[in-house]
Amino acid sequence: MAAATAAFLMGVCGMLQAAPVAEVISYDQSGLKASDARIHEAIKQAAQMRKWGIVSDKPGKVLLVYPTNNRSLHYQATVSVTYGKGSYKVEYVKSRGLDEKRNGCYGKEGVVCVHRNVNRWIANLGKDLNRILSQSY
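Each residue of the sequence shown is one higher than the last, beginning at 23 in the working numbering.
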């Protein structure tokens, strides 16, 4: 049983490592009719829904990490969500164990690349924010 569990965990970790890196994207939205307070609440709601952890929460900027469970022992991404004046932006900050390349990748100088799942995590957080904010009106 222990051998099967170990093999499964190695397979899961191997799948994460085998995926190619991708250029980091950000997710931003402007022209919202929501107040800063409402956007802030939506950020906290979306973070909780997607199981992001809040590291820092200051006016205009929330710092989040994912994952927050046992997987975070092996890898973790940090993003910042800046907001104000009817807009917000989710941006990659750093990661650990996610194949980060800060010195350029794919022949592009100054481009940050990271495991492709990070872009999906950022996009999902942004989509949830949009959905929550669209329900506010």
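Backbone N, C-alpha and C fix where the C-beta goes; we use that ideal spot for every residue, glycine too.
So the beta strand (DSSP E) residue 76 belongs to, where does it begin and stop?
Per DSSP, residue 76 belongs to the beta strand (DSSP E) from 75–80.
Touch check for the region 55–65 and the region 118–129: three-plus C-beta pairs under 8 Å?
Segments in contact, no.
Which first and last residues belong to the beta strand (DSSP E) in which residue 51 is found?
49–51 is the extent of the beta strand (DSSP E) around residue 51.
Nearest candidate by alpha-carbon position, reference residue 108, set 51, 114, 43 and 153
Ranking 51, 114, 43 and 153 by Cα distance to residue 108 puts 51 first.
In whole angstroms, what separates the C-alpha of residue 47 from that of residue 144?
In a straight line, the C-alpha of residue 47 is about 8 Å away from that of residue 144.
Which value, in whole angstroms, describes the spacing of the CA atoms of residue 133 and residue 101?
So the two alpha carbons sit approximately 16 Å from each other.
How long is the line joining the alpha carbons of residue 141 and residue 69, rounded to whole angstroms?
Distance between residue 141 and residue 69, taken at the CA atoms: about 15 Å.
Could you name the residues of the same chain whose beta carbon sits closer than 6 Å to that of residue 74, not counting the 5 residues immediately before and after it, in chain order?
The answer, listed in chain order, is 86 and 88.
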